[in-house]
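Below you'll find the structure, written out as structure tokens, and then a few comments.
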Amino acid sequence: MGFLLVHALTGLAGASSLFLVASGLTVIFGVTRIVNFAHGSLTMLGAYVGWTVLTRLPRDPAWFALGVAGTAAALAALGALLEMGLLRRLYRSPELFQLLATFGVVLIVQDAALATWGPDDLTISRPPWLRAYVRIADERFPVYDLVLIAIGPAVLACLWLLFNRTRWGRLVRAATWDREMVGALGVDQRVLFTSVFALGAGLAGLAGALGLPAGSANLGIDLSVITEAFVVVVIGGLGSITGAYLASLLIGLLQAFGVVLIPKATLVLVFVVMAAVLVLRPNGLLGRGGAPTALAGTATPVRPPTRGMLLGWGLLLLAALAAPLVAGPYALSILTEAAVAVLFAASLHFVMGPGGMASFGHAAWFGIGAYAAGLSAQGLGVPMPGALLLAPLAAGVAAVLFGAFVVRLSGVYLAMLTLAFAQIVWAAAFQWVSVTGGDNGILGIWPPAWASGPAVVYLLALTLCAGGAAVLQRVLYSPFGYALRASRDSPLRAEAIGLDTRRIRLAAFAVAGAAAGLAGGVFTFVKGSVFPGFVSIPHSMDALVMVLLGGVQTMAGPVVGALAYTGLYDGLLRATAYWRLVLGAAIVLLVLAFPEGIAGAVQRRLRRA
Amino acid sequence: MTVLAVEGLRKSFGGVLAVDGVSFAVEPGEMLALIGPNGAGKTTCFNMVGGQLRPDAGSVRLAGRDIGGVSPRRICRLGVGRTFQVTATFASMTARENVQVAAVAHRRGTWRPWRSAADLERPAAEALLDQVGLAAQAERAAGVLAYGDLKRLELAMALAAEPRLLLMDEPTAGMAAGERVALMRLVRGIATGRGLAVLFTEHDMDVVFGVSDRIAVLARGALIASGAPEAIRADPQVRAIYLGDGRTGGERPASGGRDC
């Protein structure tokens, strides 16, 4: 019994920490409709700033509380600056561009934190009052955790009072329903939005600082925290603070007991619960319907390629085929990666643009393909052609099974479910060491003798990936491709003319999954190895950045985006140690300058001319 | 044989009884206008016939087959085309492509991922656009068409599936008065020529009395009168509803659910 009680209490303490982050995220989303990917980074900054402040203050409880409050205030100020400097300019942009901009902020903050505080984990020394224990049912339980348990409901109560009992709260809730109407009533929404963002950022800072005594300030906080916070917010229902608390309790307890029951599969467990909740309640526990669906912005007409465009593609392909004649081994390896990136981006574009399903976990299919190729080649001795056939097959089958859940959802919820699935695959790759080799990956998967050498590998990758991308393009101009766009443009009309929109979306999901799987399989033989990183969030983000850079609503977009991104990435990697900072800044500037992507902007210029 | 026979149709939303025991029938080549003040239950009736809503009670029979609660997709396949009160078209496609997609879906040609869609059903689509007066707009994106043109486009898309029953929810909203009569005369011609049954709602009484064979009048969810245009024009209850009799709420008009 005592054992259960202590684990339950640990779970409650964890739930409070989760809630602090998730409440900020959900408050920001509820009002500004911005999915703030940088929320984890704000939490991370909270931890670092908290460390700087607390290590300079006297170490008694009163000063500790003051330091934590000061940190929250500092982050709130930073949040306000971020809102005024960046996000305010993006409220009219498609939601995915806002997300992309906040992902740019994630990269910038990563390197800024690295430059300021260095790569080591920073801990605060714990005075006796922070190390104190109470005895609960014969087990020792930290007093600090009891404090955390109390802070969760206290913050919930404060937020509830703030939103329900103050004029500011009423205005904010009104703005959640109808921004324009609130503006028409003479309220300055800009101040309202800035203050909401500051509140959310302050909560993130609070969470970061309060996490210090039991943990550390480190560079991994941003992505681990944002993943958990997304899960909590989505389970609770986007924009619902009470829902976020309930979901925090659920996940906190699940983690506390999961560690005991199935220590190796806690991550999987969390995401399975999230998937189950979303299938049963597509808007989360307490979420309201009407989640935004048009993630990628309004649909613009898509013209079949003209003769001139086809000629351009042909010339580009010829140049690519001729590259081994002039390029050295290094340049060829970059071009090989670019070829893989083109197919990866094209497959995401297929579901996201014409399919209208913004997948945040597209690396899942890439990774499944990569592991299918790697495991079959190394474990079963399947020759390369067979392994390259298995890769899209495995990814396609997995995409059908999982897609059956995905195609019921739309908008942000769909994005989050795909992210969750990618995390399950990642957890499997990372934790199932006996099969996947865990963090060490699978090594030594090289092409056979006839296909070795950089030039042959390049041509092979180019053939398969350009071929795959061309197939995807062709399908988009087929009756099926039109039906897919029809299902995105107006599901109501599509069903009324006899189209099975769910089956069409599912088929598209499977095709895209198979294509990404092929890209993953090819990449395995290019690199000679497979790592969990292939399935990681940053890799999914790579695909998103490529597609959004190129422009979602243009068919040339993914190719342009993939080439630009690979070039930018490689150039930065060689030029500076702080490549994340520059890349993040470049993403932010590009989003501000070209809200419809590079290819989209070019297309518009051409039309106008 | 009767194309559409609706009997005792009922639907409530929460505590509001939107449609209460409505019955009517439409014969081939016949145009039945469903009229009534705002909130009378016209669109709810439409959505139950089109499969967008499931009736709480009553039956919807299409050529003798019960289609109550069947999905819109199946209902379309059984030969029902429809236009929506708020138009629903594919904004990223040209008007011609919109009609092509509908025609290809009708011919079960959607699941061909390798064939180019550019020329599929193109002559048929162009002929339909010409018929509804959209030939000049064929290459413009549906997203930029005027509202009245979208209504025409919806009509062309519905006709592309060669339906035996056409449901039109306020087909002429957003059009100039002259255009309205012209468009509905066109529908009249198609209905008579092909033996197409048409059920439509309309607020423009010139259109209603000009083209329909019979008129059914709904008020507060119940059918209060139905019959030939002249009879409806003379009906005292209908006149009371349209010209006002002082009652604004509460009591329901006396005779409901009369068959037609």
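Sequences listed follow chains U and C, in order.
Just so you know, this note's numbering puts 517 at position 517 of the first sequence, and the rest follows in order with no gaps.
Just so you know, this note's numbering puts 1049 at position 49 of the second sequence, and the rest follows in order with no gaps.
Each residue gets a CB set at the ideal place from its N, CA and C atoms; glycine is no exception.
For clarity, every value in this text was computed on a predicted model and none was experimentally measured.
Distance from the Cα of V1003 of chain C is smallest, within the candidate group C:R1061, C:V1144, C:T1083 and C:G1148, for C:R1061. Excluding five sequence positions before and after L81 of chain U, none of the CB atoms of its chain fall closer than 8 Å to its own CB. Annotation for M384 of chain U: the continuous alpha helix (DSSP H) segment containing it runs M384 to V406. Using a Cβ-Cβ cut-off of 7 Å, A486 of chain U is close to F1090 and V1101 of chain C, given in chain order. Shown here for G1008 of chain C: same chain residues with a beta carbon closer than 8 Å to its own, the five before and five after excluded, namely G1021, V1022, S1023, A1057, G1058, S1059 and G1257 in chain order. Contact between G550 of chain U and G557 of chain U holds: their C-beta atoms lie close to 3 Å from each other, under 8 Å. V1104 of chain C has a beta carbon lying within less than 8 Å of a beta carbon in chain U. At a cut-off of 8 Å, the C-beta of C1045 of chain C has no neighbouring C-beta in chain U. For V547 of chain U, the closest Cβ of chain C is not nearer than 8 Å.
When CB distances to chain C are screened at a threshold of 8 Å, the residues of the stretch 449-481 of chain U falling below it are R474, V475, Y477, S478, P479, F480 and G481, in chain order. Within its own chain, the residues whose Cβ lies closer than 6 Å to the Cβ of Q603 of chain U, once the five positions on either side in sequence are excluded, are T554, listed in chain order. Three or more pairs of CB atoms, one per stretch, sit closer than 8 Å, so the stretch 73-91 of chain U contacts the stretch 190-208 of chain U. Non-local C-beta neighbours of I124 of chain U in its own chain, meaning closer than 7 Å and more than five positions away in sequence, comprise W51, L54, T55, L212 and P213, ordered along the chain.
Secondary structure of D570 of chain U (DSSP, three-state): helix. In the structure shown, M1031 of chain C adopts extended strand secondary structure according to DSSP, grouped into three states.
A Cβ of chain U is located within less than 8 Å of the beta carbon of G1109 of chain C. About 4 Å separates the beta carbons of S359 of chain U and T418 of chain U, which is inside the 8 Å limit, making them a contact pair. At a cut-off of 8 Å between beta carbons, A1219 of chain C makes no contact with chain U.
Cβ-Cβ distances below 7 Å link Y371 of chain U to A429, T436 and V530 in the same chain, with the five nearest sequence neighbours on each side left out; the list follows chain order. Under the Cβ criterion of 8 Å, R1082 of chain C is counted among the residues facing chain U.
Contact between the stretch 437-449 of chain U and the stretch 376-393 of chain U is established, with three or more Cβ pairs separated by less than 8 Å. With respect to the 8 Å criterion, Q423 of chain U and F271 of chain U are classified as neighbours on the basis of their beta carbons.
Taking 4 residues as the minimum length, the alpha helix (DSSP H) runs contained wholly in the stretch 3-79 of chain U are 39-54, in order along the chain.
Counting along the chain, S333 of chain U sits inside the alpha helix (DSSP H) bounded by residues P329 to M352.
Taking the Cβ atoms as the reference, A1033 of chain C lies roughly 6 Å from E1202 of chain C, within the contact range of under 8 Å. CA-CA distance, A519 of chain U to D542 of chain U, rounds to 14 Å. Relative to the Cα of P282 of chain U, the nearest Cα in the group U:V340, U:A74, U:A415 and U:F29 belongs to U:A415.
Assignment of T123 of chain U by DSSP, reduced to helix, strand and coil, places it in the coil class. Around the beta carbon of E1230 of chain C, a 10 Å sphere encloses fewer than 16 other beta carbons of the protein chains shown; the residue is thus reported as exposed. L1150 of chain C and A1160 of chain C do not touch by the CB rule: their CB atoms are close to 15 Å apart, not below 8 Å. In the three-state DSSP reduction, Y133 of chain U falls in the strand class (E or B).
Using a Cβ-Cβ cut-off of 9 Å, G557 of chain U is close to nothing in chain C; its nearest Cβ partner there is about 14 Å away.
Judged by DSSP secondary structure, P142 of chain U falls within the beta strand (DSSP E) whose first and last residues are E139 to P142. Looking at the DSSP output, R1061 of chain C bridges to C:A1005 and C:D1066. Under the DSSP assignment, F366 of chain U falls in the alpha helix (DSSP H) whose first and last residues are A363 to G379.
Annotation: the continuous beta strand (DSSP E) that includes F1024 of chain C extends over V1016 to V1026.
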